[in-house]
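Asker:
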Amino acid sequence: MDRDGWPFGWPKGGYPQPQGPFYYGIGACLALGRDLVESHYKVCLYAGVNIRGTNAEVMPVQWEYQVGPSEGINAANQLWMSRYLLQRIAEEFGTQVSFHPKPIAGDWNGAGCHTNFSTLVMREPNGINAIHTAIERLKARHHTHISLW
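Going by UniProt numbering, the residue at position 31 of the sequence shown is 31; the numbering climbs one at a time, nothing skipped.
#1: For the candidate residues G27, M59, V49 and P101, whose alpha-carbon lies nearest to that of L79?
#2: Taking buried to mean at least 16 other C-beta atoms within 10 Å of its own C-beta, is S147 buried or exposed?
#3: For V37, count neighbouring Cβ atoms within 10 angstroms of its own Cβ and tell me buried if that reaches 16, exposed if not.
#4: Report yes or no: do the segment 58-72 and the segment 95-111 share at least 3 C-beta pairs separated by less than 8 Å?
#5: Contact check, S98 vs M1 under 8 Å by CB: the rounded distance?
#6: Once the 5 residues before and after P103 are set aside, which same chain residues still bring their CB inside 8 Å of it?
#7: How about R83 and G68: are their beta carbons less than 8 Å apart?
#8: With a Cβ-Cβ cutoff of 8 Å, do R3 and G72 count as a contact?
#9: What do you reckon, are the CB atoms on L85 and H40 nearer than 8 Å?
#10: So, under 8 Å CB-CB, Y46 and T54 are touching, yes? Tell me the CB distance rounded to an integer number of Å.
#11: Could you give the residue range of the alpha helix (DSSP H) that holds V37?
#12: Could you give the distance in angstroms between the alpha-carbon of N126 and the alpha-carbon of A75?
#13: In whole angstroms, what is the alpha-carbon distance linking A130 and P11?
#14: When you compare the CB positions of G9 and G33, do they come within less than 8 Å of one another, or not?
#15: What are the residues that DSSP puts in a beta bridge with N55?
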């Protein structure tokens, strides 16, 4: 967000082209905010945060980064430190970070804060079998889980 709370790089009081081409987008018109994202990535590496990657998301100026794998309390520490560093880098760019799940009303993608996880068994040879088992177990209560969000 810019200093006025409007998405960074969006026309003031208006909207960019419809979302879609921004997902994993490249180019100055699609990868809005890449300089900030890459600065955050480098600062995290320097600080020892276990950051693994970044990508542009569906909504313009919506970005994602991955931290981990990490275990236990270290996962939370890595997340909080990465968010702190993101906020500090955003200051340098004259922008604000929003962690709001739906920062812009209307037909714009939200930020679901999805969390990726795996177990040791999932990361071992033939771990795909454990992944499929977990998917089936989660699928059994999918509607209940979604209703709570």
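Built from N, CA and C at the ideal position, the CB exists for glycine as well. Note that the structure is predicted; figures quoted are calculated from it, not measured.
Answerer: Let me lay it out:
#1: V49
#2: exposed
#3: buried
#4: yes
#5: 5 Å
#6: M1, P7, G110 and A111
#7: no
#8: no
#9: yes
#10: Y46 to T54, Cβ: 15 Å. No contact.
#11: R34 to A47
#12: 25 Å
#13: 47 Å
#14: yes
#15: E64
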